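K.L.:
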Amino acid sequence: DAMVIQNPRYQVTQFGKPVTLSCSQTLNHNVMYWYQQKSSQAPKLLFHYYDKDFNNEADTPDNFQSRRPNTSFCFLDIRSPGLGDAAMYLCATSRAGGPYEQYFGPGTRLTVT
Amino acid sequence: GESVGLHLPTLSVQEGDNSIINCAYSNSASDYFIWYKQESGKGPQFIIDIRSNMDKRQGQRVTVLLNKTVKHLSLQIAATQPGDSAVYFCAENQGSGNTGKLIFGQGTTLQVKP
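Quick note, the sequences are listed as chains W and R, same order.
So for the first sequence, the numbering used here puts the first residue at 1; every next one is plus one.
So for the second sequence, the numbering used here puts the first residue at 1001; every next one is plus one.
Now the structure itself:
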């Protein structure tokens, strides 16, 4: 059974056209993370939520925003995608109070044309 | 800066042999480490974790060793199978408080020859 679900699995957007990626979880975890993974590179943390408390990484571009309307859902908004934003975007969740294992979704592959 | 890195980008082993994947980390204060397996086009999959108060942990066909003296982590896979072919990442927790912050190493590609 899928525990961390990402939609869509593949997304194509045009240069400069806003795009939203979604993540949902059935684990009821307090913490949700967004990572960016470029080809042949390691995942890189963009930001995370602890409940509704948003935590941005210092080097995450302003072009990336996130929303978490409830425990189960989290969205990644890219306001003006550039060619350099083409990547796999991974959502992960974990329990709070850890550190604990992070459970990853299958990812959304974003292509910018 | 602080980072987690892997020694070799690619490891090729014969089916049935044991595999050892290494990882070096630089933050001596890190308290938690995870190994993930990532197959092409998929998200990372948890393999095994270890906390800094341990030096060894075993799972099914996998063992993680932690040497805090030299800041080294390794993943041993026994009787490697074709299904083990993937990229393996070590990750180091640099978070504090209630949330984790994983810093991933660059990854080692494991190729299993039949």
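Quick reminder that beta carbons are idealized off the backbone N, C-alpha and C, glycines included.
In this text, all values refer to a predicted model and were calculated from it rather than measured experimentally.
Does at least one heavy atom of the ligand NAD sit under 7 Å from the Cβ of D85/W?
P.N.:
Only the bare structure without any ligand can be found here, which leaves the ligand NAD out of the picture.
K.L.:
Judging by CA-CA distance, which residue of R68/W, V12/W, Q14/W, T20/W is the nearest neighbour of Y33/W?
P.N.:
Taking the first residue of the first sequence as 1, we reach residue 33/W at position 33. For Y33/W, the nearest C-alpha among the options comes from R68/W.
K.L.:
If contact means a Cβ-Cβ distance below 8 Å, which residues of the segment 95-109 of chain W contact chain R?
P.N.:
Flagged, chain order: A96, G97, G98, P99, Y100, E101, Q102, Y103, F104, G105, P106, G107, R109.
K.L.:
At least one CB of chain W closer than 8 Å to the CB of N1098/R: is that the case?
P.N.:
Position 98 of the second sequence, counting from 1, holds the residue named residue 1098/R. Yes, N1098/R counts as interfacial toward chain W.
K.L.:
Are there 16 or more other CB atoms within 10 angstroms of the CB of Y1059/R, so buried, or fewer, so exposed?
P.N.:
Residue mapping note: residue 1059/R aligns to position 59 of the second sequence, counting from 1. The question names Tyr, yet the displayed sequence has Gly at residue 1059/R. Answer is exposed; the Cβ neighbour count stays below 16.
K.L.:
Going along chain R in order, which residues have a C-beta closer than 8 Å to the C-beta of V31/W?
P.N.:
By 1-based counting over the first sequence, the position of residue 31/W is 31. Under the 8 Å cutoff, chain R gives N1098, T1099, G1100.
K.L.:
Would a C-beta distance cut-off of 8 Å place S94/W and G1100/R closer than the cut-off?
P.N.:
Here the question's residue 94/W lines up with position 94 in the first sequence. Here the question's residue 1100/R lines up with position 100 in the second sequence. Taking 8 Å as the Cβ cut-off, S94/W and G1100/R qualify as a contacting pair.
K.L.:
Note down, in chain order, every chain R residue with its Cβ under 7 Å from the Cβ of A42/W.
P.N.:
The sequence position of residue 42/W within the first sequence is 42, counting from 1. Per Cβ cutoff of 7 Å: F1089, F1104, G1105, Q1106, G1107.
K.L.:
For the beta strand (DSSP E) holding K1037/R, just list the boundary residues, first then last.
P.N.:
For this step, residue 1037/R is matched to residue 37 along the second sequence. First-last of the beta strand (DSSP E) with K1037/R: 1032-1038.
K.L.:
DSSP on L27/W, reduced to helix/strand/coil?
P.N.:
As a working mapping, residue 27/W is identified with position 27 in the first sequence. If DSSP states are grouped into helix, strand and coil, L27/W belongs with coil.
K.L.:
I think Q14/W touches T113/W, with their Cβ atoms under 8 Å apart; what is that distance to the nearest whole Å?
P.N.:
As a position in the first sequence, residue 14/W is number 14, starting the count at 1. As a position in the first sequence, residue 113/W is number 113, starting the count at 1. Contact holds; Cβ gap of about 6 Å.
K.L.:
Taking three-plus beta-carbon pairs below 8 Å as touching, is the segment 83-102 of chain W in contact with the segment 1080-1090 of chain R?
P.N.:
No, the segment 83-102 of chain W does not touch the segment 1080-1090 of chain R.
K.L.:
May I ask you to verify whether the segment 1050-1070 of chain R touches the segment 1023-1033 of chain R, counting CB pairs closer than 8 Å and requiring at least 3?
P.N.:
Because the criterion of three Cβ pairs below 8 Å is met, the segment 1050-1070 of chain R and the segment 1023-1033 of chain R touch.
K.L.:
Listed from N- to C-terminal order along the chain, which residues in the segment 1025-1048 of chain R have their beta-carbon within a distance smaller than 9 Å of any beta-carbon of chain W?
P.N.:
The segment 1025-1048 of chain R vs chain W, Cβ under 9 Å: D1031, Y1032, I1034, Y1036, Q1038, G1041, K1042, G1043, P1044, Q1045, F1046.
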